[in-house]
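Undergrad: The structure is given below, and queries will be raised subsequently.
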């Protein structure tokens, strides 16, 4: 079964650092993209960025460039999303998802999705 | 970035109705469009990709169409489990972008 399993809920204070994870199984981890999507409470999905674990090529949305870091460890089939200094506005659900490889090796649609990691940032 | 404008933001309908949701891209995206269904508290689920290709296991009452900048998701006969929020996503170029969502509610 193809699946992505994300790490659990995090409650942090502003200014703290955080790294959440997404472990893939049931597929060749180095042959697909892994993307990250933010969903603030009651809001739309926001595409944050994506990584190709095969060669670590990473692309960010301008809205999130410099705010987060996406990485992957292919030896343990795990992708990561990290913050160096959290803000209250980072409070949201974060999803990882497997990105299909489409024309010219670019990322395509997302399937499947992880179950989501809730990040709460509050003083 | 390519902007995706999804409409309507919400829709009330009854079981058995036929409904359509539209996404308009700010530039042509050559059918590089996916549709997702999200139930409350759950992760999104892929319904269609390539604008009109049905994901395995998705009921045939879901269909997609369109070209260029304008795309449509149609549910031919609403079932109780279809009342959810729907999102479109363009993957023509990065950054990929999502529509704002359509919440489908029971009338």
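Residue numbers (the working numbering), protein chains in the order written: chain A, 682 to 804; chain B, 2 to 108. Glycine included, each C-beta is placed from N, C-alpha and C at the ideal position. Owing to the predicted nature of the structure, the values given are computational and were not obtained by experimental measurement.
1. Quick check: what's the CA-CA separation for residue 742 of chain A versus residue 107 of chain B?
2. Using 8 Å as the threshold, is the stretch 698 to 708 of chain A in touch with the stretch 788 to 802 of chain A, meaning 3 or more CB pairs across them?
3. Check whether the stretch 67 to 79 of chain B and the stretch 21 to 30 of chain B touch, using three or more Cβ-Cβ pairs below 8 Å as the test.
4. So, helix, strand or coil for residue 757 of chain A, using DSSP?
5. What's the call for residue 757 of chain A, buried or exposed, on a 16-neighbour Cβ count within 10 Å?
6. Nearest by alpha-carbon distance to residue 718 of chain A: which of A:784, A:802, A:787 and A:779 is it?
7. Rounded to whole angstroms, what is the Cα-Cα separation between residue 86 of chain B and residue 804 of chain A?
8. Using a Cβ-Cβ distance cut-off of 8 Å, determine whether residue 708 of chain A contacts chain B.
9. Apart from the five residues just before and just after residue 799 of chain A, which ones in its own chain have a Cβ nearer than 6 Å to its Cβ?
10. My output table needs one value for residue 770 of chain A: the three-state DSSP class, helix, strand or coil.
11. Is residue 788 of chain A helix, strand or coil by DSSP?
12. By the 10 Å Cβ neighbour count, where 16 or more other Cβ atoms means buried, how is residue 44 of chain B classified, buried or exposed?
13. Any beta-carbon of chain B closer than 8 Å to the one on residue 800 of chain A?
14. Name the DSSP beta bridge partners of residue 99 of chain B, please?
15. Using the beta-carbon of each residue, which ones in chain A are nearer than 7 Å to residue 101 of chain B?
16. Return the CA-CA distance between residue 687 of chain A and residue 776 of chain A, expressed in angstroms with no decimal places.
17. Is there at least one Cβ from chain A nearer than 8 Å to residue 47 of chain B's Cβ?
18. What residues from chain B crowd round residue 735 of chain A, counting only those whose CB sits closer than 8 Å?
19. If we cut at 8 Å on Cβ distances, does residue 38 of chain B have a partner in chain A?
20. How would you list, in chain order, the residues of chain B whose beta-carbon sits under 8 Å from the beta-carbon of residue 722 of chain A?
TA: The relevant details are as follows:
1. Reading the first chain from its first residue, position 61 is the one you call residue 742 of chain A. Reading the second chain from its first residue, position 106 is the one you call residue 107 of chain B. Spanning the two alpha carbons is a distance of roughly 35 Å.
2. Contact holds: three or more Cβ-Cβ distances are below 8 Å.
3. yes
4. The residue labelled residue 757 of chain A in the question sits at position 76 within the first chain. Three-state DSSP puts residue 757 of chain A in a helix.
5. Within the first chain, numbered from 1, the residue matching residue 757 of chain A stands at position 76. Burial call: exposed.
6. For the purposes of this step, residue 718 of chain A is taken as the residue at position 37 of the first chain. Minimum Cα distance to residue 718 of chain A is reached at A:779.
7. In the second chain, residue 86 of chain B corresponds to position 85, counting from 1. In the first chain, residue 804 of chain A corresponds to position 123, counting from 1. Taking the straight line joining both Cα atoms gives about 32 Å.
8. Mapped onto the first chain, residue 708 of chain A falls at position 27. No - not a single Cβ of chain B is within 8 Å of the one on residue 708 of chain A.
9. Position 118 of the first chain, counted from the start, is the residue given in the question as residue 799 of chain A. Within the same chain, Cβ atoms closer than 6 Å to the Cβ of residue 799 of chain A are found at 690 and 774, the five residues on either side in sequence being excluded.
10. In the first chain, the residue the question calls residue 770 of chain A occupies position 89. Note: residue 770 of chain A maps to helix in three-state DSSP.
11. By one-based count along the first chain, residue 788 of chain A stands at place 107. If DSSP states are grouped into helix, strand and coil, residue 788 of chain A belongs with the strands.
12. Taking the second chain and counting its residues from 1, the one referred to as residue 44 of chain B is at position 43. When all chains shown are included, residue 44 of chain B counts as buried.
13. Taking the first chain and counting its residues from 1, one reaches residue 800 of chain A at position 119. By this cut-off, residue 800 of chain A is not an interface position.
14. Reading the second chain from its first residue, position 98 is the one you call residue 99 of chain B. In the DSSP output, where bridge partners are listed per residue, residue 99 of chain B has B:90.
15. Taking the second chain and counting its residues from 1, the one referred to as residue 101 of chain B is at position 100. Correct list: 725.
16. Walking along the first chain from the start, residue 687 of chain A turns up at place 6. Walking along the first chain from the start, residue 776 of chain A turns up at place 95. Between residue 687 of chain A and residue 776 of chain A, the alpha-carbon positions lie close to 8 Å from each other.
17. The residue given as residue 47 of chain B occupies position 46 in the second chain. Chain A contact via Cβ: present.
18. The residue you call residue 735 of chain A lines up with position 54 of the first chain. The premise fails here: residue 735 of chain A is roughly 17 Å from chain B at the closest Cβ pair, so nothing lies under 8 Å.
19. Here residue 38 of chain B is taken as the residue at index 37 of the second chain, counted from 1. Not closer than 8 Å to any Cβ of chain A, the Cβ of residue 38 of chain B fails to qualify, so no.
20. On the first chain, residue 722 of chain A is found 41 positions in, with the first residue counted as 1. Within 8 Å of the CB of residue 722 of chain A, no CB atom of chain B is found; the nearest one sits about 11 Å away.
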